[in-house]
Structure formats: C-alpha cells, structure tokens
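If you count by our numbering, then the sequence shown holds residues 502 to 699, one letter each, in order.
Heads up, the beta-carbon is just placed ideally off N, CA and C, and yes, glycines get one too.
Report on one structure; see the data block that follows.
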Amino acid sequence: MVATRQPGILGAQASGTLPDPAGATPPPGRAQRHAKAAGAQKEPPPPPPPPPPKEEHLGAVPDIDSHVGKPVKLNANDSAQCAHLVKVLASAPPTQPKQWAEGTHLSAKHVEAMPVGTPIASGWDDGFYPNGSSGQHAGFFAGALKNAKTGEVEGFYIVEQYAGLTKIARREVYFDPVAHKKKNTYFYRGGDYAVIKW
Numbered sequence: 502m503v504a505t506r507q508p509g510i511l512g513a514q515a516s517g518t519l520p521d522p523a524g525a526t527p528p529p530g531r532a533q534r535h536a537k538a539a540g541a542q543k544e545p546p547p548p549p550p551p552p553p554p555k556e557e558h559l560g561a562v563p564d565i566d567s568h569v570g571k572p573v574k575l576n577a578n579d580s581a582q583c584a585h586l587v588k589v590l591a592s593a594p595p596t597q598p599k600q601w602a603e604g605t606h607l608s609a610k611h612v613e614a615m616p617v618g619t620p621i622a623s624g625w626d627d628g629f630y631p632n633g634s635s636g637q638h639a640g641f642f643a644g645a646l647k648n649a650k651t652g653e654v655e656g657f658y659i660v661e662q663y664a665g666l667t668k669i670a671r672r673e674v675y676f677d678p679v680a681h682k683k684k685n686t687y688f689y690r691g692g693d694y695a696v697i698k699w
C-alpha cells in the first residue's frame, strides 16, 4: 500500500490553499473594538451652545424717581460708579467682557414713548460699553424733557450717580447741549445715549 503524501506548508502556500496572514480577518470582538476606537477619534466634540441674544430691558425700574435723594450705591471699592447703580437696581450683569451692548439710540421721537426706568448709557465703543475710567456714563431714563412754551421735546431726564455724589440724582440731558449752555460731551449729549442690552 502506497502512503498518500500530504503537501507541506510550502506546497500549500504555493497552491494557494492557505490564507495569507496579512489579509486575515480579526475576531469579531476585536474588529468591533477597532471600529469604535476609529469612530471615536473621528467624531469632533459638539460645539458649545450660542449665547442667548441680548435684549433691551425697557422699564426695568419703573419707580426710578423714588430712588432720587437716597444714598448712592457703592461698589466694592467704595466708589459711586455710575454703572454700579444700573447693576444694583436693574440686576444688570457686569459690563465686561462685552456684556453691555448698544441698543436703540435716544431721540426726540423715541423718548416720548420710552418707558421710564429703562437703563441707558453713552460713550459706546464699537457697539459695547467700554471699560475705562472716563469717557462713558450710565443711568436710567426718567422721562422726556419738553420746552415749557412750545411742548417740543428737547431732551430727557436721567437718574444717575457718579464719583463725588453722595445722593442719587436726577439731571436734564439735552439733544442740543450747547444751546442750553452745557458742554458738548458724551455726558451731556442726549443723542449719544442708547438703551443698554444684556
């Protein structure tokens, strides 16, 4: 009886009967792990949610005149900073970074319909309230200012505080300050003031 000769490994590879180790399929468990790992590397993290849009807070403190004559609101440095009054009475956020945005500018037509107690400011820089020791001012709109004879709107009243005051004050602001013998600056120019958005 003649023994049947089994082909060796070299013969099997030559005949193509053995799989190529380079093309071997890994076990299912390992393949799934590899796929998950590859997928995890390719998926970017979700983007952060966009910040909520800033809004005008019309009439935020409707009884604003009731604060006139009361002691100023001091900040952590014991200063009667103008913006601090808005933060305290209207629960406004810090001014920085770019948290107070420029809203609707005050005009003769606009102030007749504006609710009293609306937070306003001047000295805007590229649409935002700047972080400087001077050049900007904030307070509350306290009504339209009209000419006693003609009834024409000439400006508005502002309830405010600032360094040097001991009591919260109410002041006249004109759209044409020079005509009323006021300085032509951000502090006095009514058209420079706009509603604060946050």
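Paired residues, beta bridge with residue i - DSSP
i	result
Lys-698	Glu-557 and Ala-602
Pro-572	Lys-668
Phe-629	Ala-602 and Asp-626
Val-674	Phe-657
Enclosing beta strand (DSSP E) for residue i [first to last residue]
i	result
Lys-647	638-647
Ala-680	Per DSSP, Ala-680 belongs to no beta strand (DSSP E) and is neither H nor E.
Ile-621	620-623
Where the alpha helix (DSSP H) containing residue i begins and where it ends
i	result
Glu-661	Note, Glu-661: premise wrong, no alpha helix (DSSP H); beta strand (DSSP E) at 654-661.
Val-612	609-614
Ala-584	583-591
Beta-carbon proximity list for residue i, same chain, < 7 Å, skipping 5 on both sides
i	result
Glu-613	Ala-645 and Val-654
Ile-594	Sequence inspection shows Pro at residue 594; the Ile mentioned does not correspond to that position. Hits under 7 Å: Gln-600 and Trp-699.
Ala-515	Here Ala-515 scores only 49 on pLDDT, less than 50, and its place in the model is too uncertain to base an answer on.
Lys-683	Tyr-675 and Tyr-689
Gly-691	Leu-607, Gly-656, Phe-657, Val-674, Tyr-675 and Phe-676
Ala-577	none
Val-573	Ala-581, Gln-662, Leu-666, Thr-667, Lys-668 and Ile-669
Ile-565	Val-617, Gly-618, Phe-641, Ala-643 and Val-660
Val-562	Leu-590, Ala-591, Gly-618 and Phe-641
Gly-648	Checking the displayed sequence, the identity of residue 648 turns out to be Asn instead of Gly. Excluding sequence neighbours, Asn-648 sits near Glu-655.
Thr-596	Ala-584, Tyr-630 and Asn-632
Pro-678	Lys-684, Asn-685, Tyr-689 and Arg-690
Same chain, Cβ closer than 6 Å to residue i, neighbours up to 5 away in sequence not counted
i	result
Ala-622	Tyr-630, Ala-639 and Ile-697
Thr-686	none
Trp-625	Glu-603
Leu-586	Lys-574 and Gln-662
is_contact[residue i, chain D] using C-beta, thresh 8 Å
i	result
Gly-618	The chain labelled as chain D is not found in the depicted structure, where only one protein chain is given.
Chain-order list of residues whose beta-carbon lies under 8 Å from that of residue i (same chain, five-residue window excluded)
i	result
Ala-695	Glu-603, Gly-604, Thr-605, His-606, Leu-607, Ile-621, Ala-622, Ser-623 and Trp-625
Gly-560	Pro-616, Val-617, Gly-618 and Thr-619
Problem - the stretch 626-642 contacting the stretch 541-558, beta-carbon criterion three pairs below 8 Å - result: No, the stretch 626-642 is not in contact with the stretch 541-558.
Problem - contact_flag[the stretch 571-586, the stretch 604-613] where n(CB pairs < 8 Å) is 3 or more - result: The stretch 571-586 makes no contact with the stretch 604-613, as fewer than three CB pairs between them are under 8 Å.
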